[in-house]
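Sequential numbering of the sequence shown, starting at 1, is according to full-length UniProt numbering. Have a look at the structure below, then the notes.
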Amino acid sequence: MSGVIRHVTISGRVQGVGYRAWVDEQANARALEGWVRNRRDGSVEAVFAGPDDVVTDMIAACNRGPFSARVAAVHAASGNSDLLNQRQAGERFSVLPTV
Numbered sequence: 001m002s003g004v005i006r007h008v009t010i011s012g013r014v015q016g017v018g019y020r021a022w023v024d025e026q027a028n029a030r031a032l033e034g035w036v037r038n039r040r041d042g043s044v045e046a047v048f049a050g051p052d053d054v055v056t057d058m059i060a061a062c063n064r065g066p067f068s069a070r071v072a073a074v075h076a077a078s079g080n081s082d083l084l085n086q087r088q089a090g091e092r093f094s095v096l097p098t099v
């Protein structure tokens with residue numbers, strides 16, 4: 001992996017609206033590495049890794065999300081390889097269980 005790793009939390013109406021599947025599709029279309037999962041507090045958490053400009057574009061897209069989502073906020077912070085390595089073995093991008 002070359003580039004940056006970002007740890008992102010998305011809040012609003014982002015569960016039960018296909019948001020994780022949308023993130024998975026968008027991240028794979030951009031050839032990003034990482035993962036996405038629901039959190040028990042109702043937010044969605046993701047890690048994106050790849051070229052800085054592509055990761056920045058993905059985070060910007062998270063502000064919109066799929067049609068039925070209502071995003072209230074997107075918080076992005078620096079990530080690290082430990083976070084990235086939480087994805088499923090052998091997968092470039094994973095949808096993980098809720099935490």
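Even glycine gets a Cβ: it sits at the ideal position worked out from N, Cα and C. The structure displayed is predicted, hence computed values, not measured ones.
Item, Value
"Same chain only: Cβ atoms within 8 angstroms of Arg-64, ignoring 5 sequence neighbours per side", "Val-71"
"Runs of beta strand (DSSP E) wholly within the UniProt domain \"Acylphosphatase-like\" (5-97) (minimum 3 residues, chain order)", "33-38, 44-50, 70-78 and 93-95"
"Spatially closest choice to Arg-6 from Asp-52, Pro-66 and Val-23, by CA coordinates", "Asp-52"
"Beta-carbon gap between Val-95 and Arg-37 smaller than 9 angstroms", "yes"
"Rounded separation between Ala-46 and Val-4 - CA only", "14 angstroms"
"Straight-line gap, Pro-66 to Ala-60 (C-alpha atoms, nearest Å)", "13 angstroms"
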